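Below: the structure, in structure tokens.
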Amino acid sequence: MANITAAAVNELRQKTGVGMMDCKKALVECEGDMEKAIDYLREKGQKIASKRADRDASEGCVLSATNQDKTFGAVIMINCETDFVAKNEDFVKFTHNILETAINAKAKNAGEVNQLVIDGSTVENLIVDQIAKIGEKIEISHYEVLEAPVVYAYIHPGNRLASLLSMNKTGFDEKGHDVAMQIAAMAPLALNKDAVSADIIEKELEVYRVQIREEGKPENMVEKIAEGKLNKFFKENTLLSQDFIKDSKKTVLQYLQEGDKDLTVTAFYRFMLGA
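Residues in the sequence shown are numbered consecutively from -2, following this note's numbering.
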């Protein structure tokens, strides 16, 4: 049996983040071989991951960021099982490191993110390592990117809500930041009414028709009243038509075009835990 020193246990702990007792057990099982012990712990993490695959991971961390010149940005949600883990500083740093690496590599989707390498390990393996360390299901549930002349990111305090938007012109950082906060606060469904899916529109119209008929309105007025309600729906739920949160006398589009008549948002994402 190999002589397992405290220094070796500590080294394995530093490399994997796993508890001291589990590190010692791994080294004992692997007769002091550091690389085999790392693989042993990873296999243990994979077994835990398999056992917890059906568990509900509804907590987590949501972050967004851009590259240095603000031409590429991403928003990510990494889920875990408990609020205790989600609020842990190490878990937030873990999420941030993955997001930063993804942005630097311009990863386009979660599959690409999982194959990125950080400190010699793929993100996929690092997640398995975290599962072994924490004992909870962990997964990248959402990841989206925007690439444009300029991209803005906003993270609401608490790391449970973040937004990302792209604009067609540079030089309007204050407006970009304001609208990123608008997206987080007001949860628009789409950029404008043309971007609302036909299914959503028909569903809303059907709800309105039922309401109007229950109110006893004449049948020949049902469609006209329903269209009026739909226009109100567009006003409240599409970003560019929403009242601007800092000045409700103007829409978001009007606020943007105070700076430049052609300035607009071209796309956005909003991720929130539990939504």
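All C-beta atoms in this analysis are idealised placements derived from N, C-alpha and C, irrespective of residue type, glycine included. Keep in mind that this is a model prediction, so the values were computed, not measured.
**Asked** If you compare alpha carbons, which of Cys77, Thr119, Glu233 and Lys105 is closest to Asn94?
**Response** Residue numbering aside, residue 94 sits at position 97 when the sequence shown is read from its first letter. Ranking the options by Cα distance to Asn94, first place goes to Thr119.
**Request:** Quick one: using the 10 Å Cβ neighbour count with 16 as the cut-off for buried, is Met164 buried or exposed?
**Result:** Residue numbering aside, residue 164 sits at position 167 when the sequence shown is read from its first letter. Buried, because 16 or more other Cβ atoms sit within 10 Å of the Cβ of Met164.
**Asked** Considering only C-alpha positions, which residue in the set Val219, Thr235 and Arg206 is nearest to Asp191?
**Response** By one-based count along the sequence shown, residue 191 stands at place 194. Nearest option by C-alpha distance: Thr235.
**Message:** Can you tell me where the beta strand (DSSP E) holding Lys276 begins and where it ends?
**Reply:** Residue 276 lies beyond the residue range present for the chain, which begins at -2 and ends at 272; the question has no answer from this structure.
**Asked** How many angstroms separate the CA atom of Leu227 from the CA atom of Ile35?
**Response** Sequence index remark: in the sequence shown, residue 227 carries index 230 (1-based). Sequence index remark: in the sequence shown, residue 35 carries index 38 (1-based). If you take the alpha carbons of Leu227 and Ile35, they lie about 58 angstroms apart.
**Contact belief for Ala177 with Ser160 at Cβ below 8 angstroms, rounded distance in angstroms** = As a first step, residue 177 is located in the sequence shown; it is residue number 180 there, counting from the start. As a first step, residue 160 is located in the sequence shown; it is residue number 163 there, counting from the start. Correct: roughly 5 angstroms between the Cβ atoms.
**Request:** Check whether the segment 133 to 145 touches the segment 18 to 35, taking contact to mean three or more Cβ pairs, one atom from each stretch, closer than 8 angstroms.
**Result:** no
**Message:** Do Gln127 and Gly14 have their beta-carbon atoms positioned less than 9 angstroms apart in this structure?
**Reply:** For the purposes of this step, residue 14 is taken as the residue at position 17 of the sequence shown. For the purposes of this step, residue 127 is taken as the residue at position 130 of the sequence shown. A contact, by the Cβ cut-off of 9 angstroms.
**Request:** Identify the continuous beta strand (DSSP E) that holds Glu141 and give its terminal residues.
**Result:** Along the sequence shown, one-based indexing puts residue 141 at 144. Where Glu141 is concerned, the enclosing beta strand (DSSP E) stretches over Glu136 to Glu144.
**Item:** Terminal residues of the alpha helix (DSSP H) in which Gly225 lies
**Value:** Numbered from 1 along the sequence shown, position 228 holds the residue referred to as residue 225. That run of the alpha helix (DSSP H) goes Val219 to Asn234.
**Prompt:** To the nearest whole angstrom, what separates the beta carbons of Met74 and Val89, a pair I think is in contact under 8 angstroms?
**Reply:** Counting from one through the sequence shown, the residue named residue 74 turns up at place 77. Counting from one through the sequence shown, the residue named residue 89 turns up at place 92. That belief does not hold up - the Cβ atoms of Met74 and Val89 are roughly 13 angstroms apart, past 8 angstroms.
**Request:** For the alpha helix (DSSP H) containing Cys20, list its first residue and its last residue.
**Result:** Residue numbering aside, residue 20 sits at position 23 when the sequence shown is read from its first letter. Taken as a continuous stretch (DSSP letters only), the alpha helix (DSSP H) holding Cys20 covers Met17 to Glu26.
**Message:** What residue range does the alpha helix (DSSP H) around Asn189 cover?
**Reply:** The residue labelled residue 189 in the question sits at position 192 within the sequence shown. Per DSSP, Asn189 belongs to no alpha helix (DSSP H) and is neither H nor E.
**Message:** Buried or exposed for Ile197, going by 16 or more other Cβ atoms inside 10 Å?
**Reply:** Numbered from 1 along the sequence shown, position 200 holds the residue referred to as residue 197. With fewer than 16 other Cβ atoms within 10 Å, it is exposed.
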